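Residue numbers (the working numbering): 264 to 310.
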């Protein structure tokens with residue numbers, strides 16, 4: 264679970280950095296990655 268949380272935080276930092284740089288396509292891809300890890304965190308919390 265800790266590994267998933269760390270990966271989520273890394274994706275969040277990457278998304279913020281890309282947003283500040285103005286790289287829209289890469290920013291959206293990072294948001295999708297964040298969403299993926301968020302779903303995995305929710306699934307592991309329910310089990």
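Cβ atoms here follow ideal geometry from the backbone N, Cα and C, with glycine treated the same way.
In this text the structure is predicted, and so the values were computed from the model without any measurement.
Review point. How big is the Cα-Cα spacing for residue 291 and residue 309?
Key: One-based indexing of the chain shown puts residue 291 at position 28. One-based indexing of the chain shown puts residue 309 at position 46. Approximately 27 Å, taken between the alpha carbons.
Check your understanding: When we look at the beta-carbon of residue 293 and count the other beta-carbons within 10 Å, is it buried (16 or more) or exposed?
Key -> Position 30 of the chain shown, counted from the first residue, corresponds to residue 293. With 16 or more other Cβ atoms within 10 Å, it is buried.
Review point. So, helix, strand or coil for residue 288, using DSSP?
Key: The residue labelled residue 288 in the question sits at position 25 within the chain shown. Residue state, collapsed to three classes: helix.
Check your understanding: Looking only at its own chain, which residues have a Cβ that is under 6 Å from the Cβ of residue 296, when we skip the five neighbours before and after it?
Key -> In the chain shown, the residue the question calls residue 296 occupies position 33. Setting aside the 5 residues that flank it on each side, residue 296 is surrounded in the same chain by 274, each with a C-beta closer than 6 Å to its C-beta; the list follows chain order.
Check your understanding: Does DSSP put residue 310 in a helix, in a strand, or in coil?
Key -> For the purposes of this step, residue 310 is taken as residue 47 along the chain shown, with counting starting at 1. In the structure shown, residue 310 sits in coil (DSSP, three-state: anything other than H, G, I, E or B).
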